[in-house]
Each structure stands twice: as C-alpha cells, then as structure tokens.
Amino acid sequence: MKLKHGSFGKTLIAASTLMAALGVQAETLKIGIAGPVTGPVAQYGDMQKIGAIMAIDKINEAGGINGMTLEGVIYDDACDPKQAVAVANRIVNDEIRHVIGHLCSSSTEPASDIYEEEGVMMITAASTSPSITEKGHQLIFRTIGLDSLQGTLAAEYIKDNIKPQRLAVIHDKQQYGEGLATTVKNLLAEAGTEAVMFEGVTPGDKDFSALIAKLKRNDVDFVYYGGYHPELGLILRQSREKGFDAPFMGPEGVVNSDLAAIAGEAMEGVLATAPKSFDQSPENAALVEAFKARNEDPSGPFVFPAYSAIQVMTEAMKATGSTDPYELADHLRANRFNTTIGEIGFDAKGDLTEPTFEIYTLHADGSKTPVSE
Amino acid sequence: MTETSLYVLQQLINGLTIGSTYALIAIGYTMVYGIIGMINFAHGEVYMIGTYTAFITIIGLLTMGVGSLPIVMLLALMTAIIISSTYGYAIERVAYRPLRGGPRLIPLITAIGMSIFLQNYIRLAQGSRDLAMPALVSGGIQFGDPAVFEVSISWMQLIIWVVTLISMTALALFISRSRLGRACRACAQDLKMTNLLGIDTNRIIALTFVIGAALAAVAGVLLGLYYGTINPYIGFMAGLKAFTAAVLGGIGSIPGAMLGGLILGVTEALTAAFFPSEYKDVVAFSLLVLILLFRPTGLLGKPEVEKV
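Chains as they are written, first to last, in UniProt numbering: chain A, 1 to 373; chain B, 1 to 308.
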C-alpha cells in the first residue's frame, strides 16, 4: 500500500538533521525518528530525539556502520494517531527502513501496523501499552519496560524480602492501579501468600478512616497500594494519625514530590517501583557530560532508551553486515546487547526480557534511594 | 468488650466525625430551602472556599512564626467564616435575589452556574493540584486491649465534635431565642405574610445564606485539617453528601439536617467496615432512595400542606 507523496499535503517534516561531517563516505543510511515535535507532549518527543541523535552522532564519530554514515530524519506525529499513520506512510515512501518511535502508545499502535506490512523495522523507546507487541509483529521492538512489569517486580520483592504474614492489597479501581494490584495479589497467591484484604477505594475520596480501622482489625503487616499519590498520601497521613504503621509499597504513579507534601513524615520508608534513572548510573557518566555539553537534559525517562534503540539496531547491522529489517529482527531476538540501559535482550514479542524498573525507598523530603539488594 | 464491638465502636467514632461535618454543611441547604424553597447548589463551593481561606490563613500564620495552636485554629476559623459568609451573601445578591419571584427552575440553573464559576475561579487562582494542609493537631487517645482491638480517637476528631456541638447549640439558641431567629421561623412558615407584617424578608433571606455559609466554613476548616488535603473540586462531593443528609432528615428542618448528617456518616462508616469500602457511597445513596420511598418528606420533614 504505497501512497503517493501528493496525498500527504499536510504532513509536516519538522527538520532534518546533521549530515555527517566525515566526507569520504558517500553512502548515508537514513533512520526515521518519529514522535511529537509539536503539541502538548512535545517535551517527551524531545527526550527521544536528543537520545537518538546523540547515539547517531557517536556512531558516526566512530566511523559509521559498514562504511555508511547514519542520518536521523525527524518526523512529527504530534502524538495524534491520524497524523502518525500519515507519518508512517511518509516514512515508507521516503524509503526509510529503520524507525525509532513512535512515542505515544496510541500513535505507535496504528503506525506499527504499517511498518510491519511494509517491511520497516520500528523500535519504540517510550510506548508502554502491552497491546503494541501482542499482535505477533516481526519487526516491532521496544527498549522500555511495560507498566505491568512493575507488578511482577513488586511481587518478587515482597515474596523474597518482606515475607508478609498479613498482606493487604488496596487499589483505586482504575485500569492502572487495579491492574497492578491484581497482578501483585495473584503472583503472591501463587507463591503461597494470600492477601487477607483486597479492596478498592474511590479516587478523589478524602476519608480513609474506615479503611484504616479495617486494616488495623485485620492485623495487616504490609500494604501494597495500586494507584496514584493523592489517595496514597492521605492513607499514609491518616494511618499515622490513627496508629497504623505497617509498611506500604506502591507503583511509579505514587512517586511524585506531591506525595511528600501530603503524607509528610508518614512517607519515610515507603517502597515504590519506578523506572531506573539511567543518567545516575556510573557507566553513563561520560555520556551525561556529552548531553550537558550540548545543553541537553539527559534525565528524561526516554533519553537513554532511545539511545539504546539506536545502539541495538546498529549492533545488529554490524553483526549481520546487512540493513535488511528481517535479518536484523532475527539477530535482535537471538542475541543480548550491552547498552546504556544495561545488558538487554528481546523476547519473541519484541519486548525487553528484563524490567527497566527498580525498587526505591521514598523519603519524607521527597527524595528516593534505590533499595540495595 | 469483644473484638467486634470494639471495631464497631471505632467505626461509629469515625462515622460520627464525618457525619457531624455533613450536618454542618447540610444546615445551609436546609435553611435556604425552608425559606425560599430553592436548592443552593453553590453551597458546596462555599465550603470549599472556607477550606482554602483556612489553608491560606494557617500557612500565613505559620510563616509569620505564630505557632500557638488555639490562636492559629481560632484565626483560621474566623477568617474562613468571614470570607465564606461574604461569598454566601454575595452569591445571594448577585445570582438569586434578582431572579426572585420568577419560575423556580431559573434560580436552580443560576445556582449550578455559580457552582461551576466558583470552582473554576478557585482552580485558576490557586491551581488544580492537591494542596496539603499542615498537620496542626496530631495524636489522640487510645483505649481497649491492644491484643484485641485498639480503639483510637484522634484529637482532631474530638475537636470536630466539640466545635460542631458548639456551632449547633449556638444555631439552635439563635433560631429559638433571638428576634432575628423568630423572623427566620416566620419566613419559613409564610414568606409573603411575614413581609406584609413589616419584616424585611430580603434581609432575612440574606441572613440565612450568611449563616449557612458560616457553618459550611466551619466544616471546611475542620475537614481540611482532618483529611489533610484540599483541591478545588472537594465542594462537589461534600455538597452532594450534605444535600443528601438534608433530604434524608427532611429538607427544611434544621434538626432533620443534623440527624440526617449523623445517620449518613455512620451508615458510610459501618458499610465500609463490613463491605469493601468502595461500596460506601452506593449504600449511602441507596439508603436515601429507600427512606424517600417510605417517607417522601424525610425523617423529620413535615408534609407540605396544600395552601388554598
């Protein structure tokens, strides 16, 4: 289904970047970088862009890939599914066969169908919706963990390190929170720890005194909370008031400086799963300096996953001596790679084989420290 | 005492705390309805403005170094009452008085409009994020065998009971003993006749708005400190609950509003105690439907006499 250029009158090509300076090599390999350049989530698109461009520049400085220099071509989908489809068709027509992107799951999903059909490899560094890799696509990968993996990680940690006798699992009845809470409850039940309480609270509710009395009555000694910080903050604060002091654990949705403001001292020691801060890891120190030298912020969550997406793609090109997406895909599934987000591998669906989340202890001043295992 | 009875006692304590604040807000609905027969849907927003005023006052006093708890609480209550009452008065003047005498549906629509306006005005002025009240009062008393079940009453809960009791007693005395209170009762019985007898009914109506707003402000200060966070949307749910309490007790009846608030609070707490707590609103509102099915005028409401 190749469409003609004319039918995309309104599609924007935002910018094309940096021709490599190494003049000898005539051949360039274009890599599409698709994500929002405009619109309300443009700053996330920027994270992906600076990560990918930095990786491309580093590879070109080191002499390119198989005698070719790389060139990143930026496409703007504005995080709009309709525009994402137009961008995907545009990329196919521009005969680009390797794409980093898209960013928003709602854009990535329709675009990935087009890439798969047209034989273009796509690696997303930001989309976490599970359904993207559940269609059996061959050429679609991601270098970011799924939200649901947080539940697995939390359950393992609780099982191995906390070993609660009287576990309670509380959630806010929303897709994100209840989904994670159910995962944790089920995994722990399989491991032999049945939750003594599993119940929902109403998002926006302010009074948790009845819930806390129930937690006390059930002699709960550990609480996993699936949801966001406003409710957990109040539960923590009111628990402290009422003399209930069992430890709590939550997902990334509670990791927010507002939690400290709401819960105050009661926040000290709360456990949470959150994406690893790759800019803090010592192996990436030189790269962090390189970003800072360009006046770019390396701390965004998608910067290093985007960098790593370029890394694995080019590693595969080097190893196979080819740029054919199908050959690259086979190589990606069969091997492990050393990247800026650690040593990674891909499963048959194209997802990372290990979670990119880590367990942190939260502190009353709003900071967090990784739990040393 | 057995474990279950202690647990029920704990939930009753929690329920009475929430219930008494519902009652405070419900007074505003019921008094206005009793006199002019309209439902002031912007009343929840007046409560919300009360919490914001208290928040700003408390933060201001704490940054100025005033740390004495009774002074901070009293000043917070006073500023909240003054500001909320001003809003209550202004709402009546701007949105309801010009429409008096028109079809009954029209003030209802302006009330909803006023509610949306105030909510968004506070959201723009103060931001839509949750603000955390400083924890002024912490701790409490515990009793019961810790090995069985320890019942706790926080100081804040005690403060809520005491302040509610004082406010309610003051209101009851004002309504039953003072000249203005008598005028209020006269207006509730027959607005036109009272006017003919030479009482400025517009002033009395404005007064009921001010009283309702002042009590809502008291509830706002107490609940803001009790829960710990405030945002511009809290007025909606609080208003809905208080309105339910007013209808439950018999809208138009002041003792009814007090009773309705307490029943609603206790029902919610006991539901959350024995069923998953997400069902507490379901049960509370089902109770409302049931009572209205069997007693359409509410628990203490008087059946409307057909006036000829």
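All C-beta atoms, glycine included, are put in the ideal place defined by N, C-alpha and C.
Being a predicted model, the structure only gives us computed values, none of them experimental.
Exercise. Does DSSP put Asp76 (chain A) in a helix, in a strand, or in coil?
Worked result: The residue you call residue 76 (chain A) lines up with position 76 of the first sequence. Asp76 (chain A): strand per DSSP, three-state reduction.
Exercise. Hey, how far is the Cα of Lys58 (chain A) from the Cα of Gln138 (chain A)?
Worked result: As a first step, residue 58 (chain A) must be located in the first sequence, where it is residue number 58. As a first step, residue 138 (chain A) must be located in the first sequence, where it is residue number 138. If I take the Cα positions, the gap works out to 28 Å.
Exercise. Roughly how many angstroms separate the alpha carbons of Gln165 (chain A) and Lys159 (chain A), rounded to a whole number?
Worked result: Residue 165 (chain A) sits at position 165 when you count from the first residue of the first sequence. Residue 159 (chain A) sits at position 159 when you count from the first residue of the first sequence. Going from the Cα of Gln165 (chain A) to the Cα of Lys159 (chain A) covers about 11 Å.
Exercise. Would you say Phe243 (chain B) faces chain A, with C-beta separation under 9 Å as the test?
Worked result: Here residue 243 (chain B) corresponds to residue number 243 of the second sequence, with the count starting at 1. Not an interface residue.
For this session: Have a look at Gln25 (chain A) and Val169 (chain A) and give me their C-alpha separation to the nearest angstrom.
Result: As a working mapping, residue 25 (chain A) is identified with position 25 in the first sequence. As a working mapping, residue 169 (chain A) is identified with position 169 in the first sequence. Note on Gln25 (chain A): pLDDT 45, under 50, position unreliable in the model; no value is reported.
For this session: Note down, in chain order, all residues in the segment 246-267 of chain A with a beta-carbon under 7 Å from any beta-carbon belonging to chain B.
Result: Asp258, Ala261, Ile262, Gly264
For this session: Count the other CB atoms, across all protein chains shown, that sit within 10 Å of the CB of Phe222 (chain A); report buried if there are 16 or more and exposed otherwise.
Result: Within the first sequence, numbered from 1, the residue matching residue 222 (chain A) stands at position 222. Buried: at least 16 other Cβ atoms inside 10 Å.
Exercise. Gly230 (chain A) CB to nearest chain B CB: under 9 Å?
Worked result: Start at 1 with the first residue of the first sequence, and residue 230 (chain A) comes out as number 230. Before going on, a small fix: residue 230 (chain A) reads as Pro here, not Gly. Taking Cβ atoms only, chain B reaches closer than 9 Å to Pro230 (chain A), which makes this a yes.
Exercise. From which residue to which residue does the alpha helix (DSSP H) around Ser84 (chain B) run?
Worked result: For this step, residue 84 (chain B) is matched to residue 84 along the second sequence. 69-91 is the span of the alpha helix (DSSP H), which, as asked, contains Ser84 (chain B).
Exercise. Tell me which same chain residues have a C-beta within less than 7 Å of the C-beta of Thr356 (chain A), skipping the five on either side of it?
Worked result: As a first step, residue 356 (chain A) is located in the first sequence; it is residue number 356 there, counting from the start. Same-chain partners within the cutoff: Ile144, Gly145, Pro275, Lys276, Ile341.
Problem set entry | Check whether Val46 (chain B) and Leu118 (chain B) have beta carbons under 9 Å apart | By 1-based counting over the second sequence, the position of residue 46 (chain B) is 46. By 1-based counting over the second sequence, the position of residue 118 (chain B) is 118. Cβ distance < 9 Å, so Val46 (chain B) and Leu118 (chain B) count as in contact.
For this session: Give the DSSP-derived three-state secondary structure of Met1 (chain B) in the structure shown.
Result: Position 1 of the second sequence, counting from 1, holds the residue named residue 1 (chain B). Met1 (chain B) falls in the coil class under three-state DSSP.
Exercise. Looking only at its own chain, which residues have a Cβ that is under 6 Å from the Cβ of Thr339 (chain A), when we skip the five neighbours before and after it?
Worked result: Here the question's residue 339 (chain A) lines up with position 339 in the first sequence. Correct list, in chain order: Ser308, Gln311.
Exercise. For the alpha helix (DSSP H) that His171 (chain A) lies in, which residues bound it at each end?
Worked result: The residue labelled residue 171 (chain A) in the question sits at position 171 within the first sequence. From DSSP, His171 (chain A) is part of no alpha helix (DSSP H) but of the beta strand (DSSP E) over 167-171.
For this session: Answer yes or no: does any C-beta atom of chain B fall closer than 9 Å to that of Glu241 (chain A)?
Result: Stepping through the first sequence from its first residue, residue 241 (chain A) is reached at position 241. Yes, because at least one Cβ of chain B sits closer than 9 Å to the Cβ of Glu241 (chain A).
Problem set entry | Per DSSP, cross-strand counterpart(s) of Asn338 (chain A) | Translated into positions along the first sequence, residue 338 (chain A) becomes position 338. Paired residues: A:Glu343.
Exercise. Using a Cβ-Cβ distance under 9 Å, would Ile27 (chain B) count as near chain A?
Worked result: Within the second sequence, the letter at position 27 stands for residue 27 (chain B). For Ile27 (chain B), the answer is no, since every Cβ of chain A falls outside 9 Å of its Cβ.
For this session: Output, in chain order, the set of chain A residues within a Cβ distance shorter than 7 Å of Tyr52 (chain B).
Result: As a position in the second sequence, residue 52 (chain B) is number 52, starting the count at 1. Result: empty, since nearest Cβ-Cβ is about 15 Å, beyond 7 Å.
Exercise. With burial defined as no fewer than 16 other Cβ atoms inside 10 Å of the residue's Cβ, what is the status of Arg43 (chain A): buried or exposed?
Worked result: Locating residue 43 (chain A) in the first sequence gives position 43, where the first residue counts as 1. What sits at residue 43 (chain A) in the sequence shown is Gln, not Arg. Flag for Gln43 (chain A) reads exposed.
Problem set entry | Selection from B:Ile159, B:Arg93, B:Ser152 that minimises the alpha carbon distance to Leu69 (chain B) | In the second sequence, residue 69 (chain B) corresponds to position 69, counting from 1. Of the listed residues, the one whose Cα sits closest to Leu69 (chain B) is B:Ile159.
Exercise. In whole angstroms, what is the alpha-carbon distance linking Met1 (chain B) and Gly140 (chain B)?
Worked result: If you number the second sequence from 1, residue 1 (chain B) lands on position 1. If you number the second sequence from 1, residue 140 (chain B) lands on position 140. Cα atoms of Met1 (chain B) and Gly140 (chain B): separation of roughly 21 Å, rounded to the nearest angstrom.
Exercise. When the Cα atoms are used, what is the spatial distance from Met122 (chain A) to Leu259 (chain A)?
Worked result: Stepping through the first sequence from its first residue, residue 122 (chain A) is reached at position 122. Stepping through the first sequence from its first residue, residue 259 (chain A) is reached at position 259. One C-alpha to the other measures close to 37 Å.
Exercise. Is Ile144 (chain A) helix, strand or coil when you go by DSSP?
Worked result: Translated into positions along the first sequence, residue 144 (chain A) becomes position 144. Reduced to three states, the DSSP call for Ile144 (chain A) is coil.
Exercise. Should Arg93 (chain B) be labelled buried (16 or more other beta-carbon atoms within 10 Å of its own) or exposed?
Worked result: One-based indexing of the second sequence puts residue 93 (chain B) at position 93. With fewer than 16 other Cβ atoms within 10 Å, it is exposed.
Exercise. For Ala210 (chain A) and chain B, any beta-carbon pair shorter than 9 Å?
Worked result: As a first step, residue 210 (chain A) must be located in the first sequence, where it is residue number 210. Ala210 (chain A) counts as touching chain B.
Exercise. The alpha helix (DSSP H) with Thr194 (chain B) in it runs from where to where?
Worked result: Position 194 of the second sequence, counting from 1, holds the residue named residue 194 (chain B). Taken as a continuous stretch (DSSP letters only), the alpha helix (DSSP H) holding Thr194 (chain B) covers 191-196.
Problem set entry | Where the beta strand (DSSP E) through Gln142 (chain B) begins and ends | Indexing the second sequence from 1 puts residue 142 (chain B) at position 142. For Gln142 (chain B), the uninterrupted beta strand (DSSP E) run begins and ends at 140-143, by DSSP.
Exercise. Taking C-beta to C-beta, are Gly249 (chain B) and Leu299 (chain B) nearer than 9 Å?
Worked result: Locating residue 249 (chain B) in the second sequence gives position 249, counting from the first residue. Locating residue 299 (chain B) in the second sequence gives position 299, counting from the first residue. Yes.
For this session: Counting only the same chain and skipping the five closest in sequence on each side, list residues whose C-beta sits under 7 Å from that of Leu9 (chain B).
Result: The count along the second sequence starts at 1 and reaches residue 9 (chain B) at position 9. Correct list, in chain order: Val151.
Exercise. Using a beta-carbon distance below 9 Å, is Ile122 (chain B) in contact with chain A?
Worked result: Within the second sequence, the letter at position 122 stands for residue 122 (chain B). It does not; no Cβ of chain A falls within 9 Å.
For this session: Report yes if the C-beta distance between Ser115 (chain B) and Ala42 (chain B) is below 9 Å; otherwise report no.
Result: Residue 115 (chain B) sits at position 115 when you count from the first residue of the second sequence. Residue 42 (chain B) sits at position 42 when you count from the first residue of the second sequence. For Ser115 (chain B) and Ala42 (chain B), yes; Cβs fall inside 9 Å.
Exercise. Are the Cβ atoms of Gly226 (chain A) and Asp172 (chain A) separated by less than 9 Å?
Worked result: In the first sequence, residue 226 (chain A) corresponds to position 226, counting from 1. In the first sequence, residue 172 (chain A) corresponds to position 172, counting from 1. Yes. Within cutoff.
Exercise. For Thr229 (chain B) and chain A, any beta-carbon pair shorter than 9 Å?
Worked result: Here the question's residue 229 (chain B) lines up with position 229 in the second sequence. Answer yes: the Cβ-Cβ gap between Thr229 (chain B) and chain A drops below 9 Å somewhere.
Problem set entry | Spatial neighbours of Val184 (chain A) in its chain, beta-carbon cut-off 8 Å, leaving aside the 5 residues before and after | Counting from one through the first sequence, the residue named residue 184 (chain A) turns up at place 184. Counting only residues of its own chain and dropping the five nearest sequence neighbours on each side, Val184 (chain A) has a CB closer than 8 Å to the CB of Gly151, Ala154, Ala155, Ile158, Val169, Tyr224, Gly226.
Problem set entry | At least three beta-carbon pairs within less than 8 Å, the segment 13-28 of chain B to the segment 248-268 of chain B | yes
Exercise. Does any CB atom of chain B fall closer than 9 Å to the CB of Val24 (chain A)?
Worked result: Taking the first residue of the first sequence as position 1, residue 24 (chain A) is located at position 24. Note on Val24 (chain A): pLDDT 46, under 50, position unreliable in the model; the coordinate value appears next. No, its Cβ sits nowhere closer than 9 Å to a Cβ of chain B.
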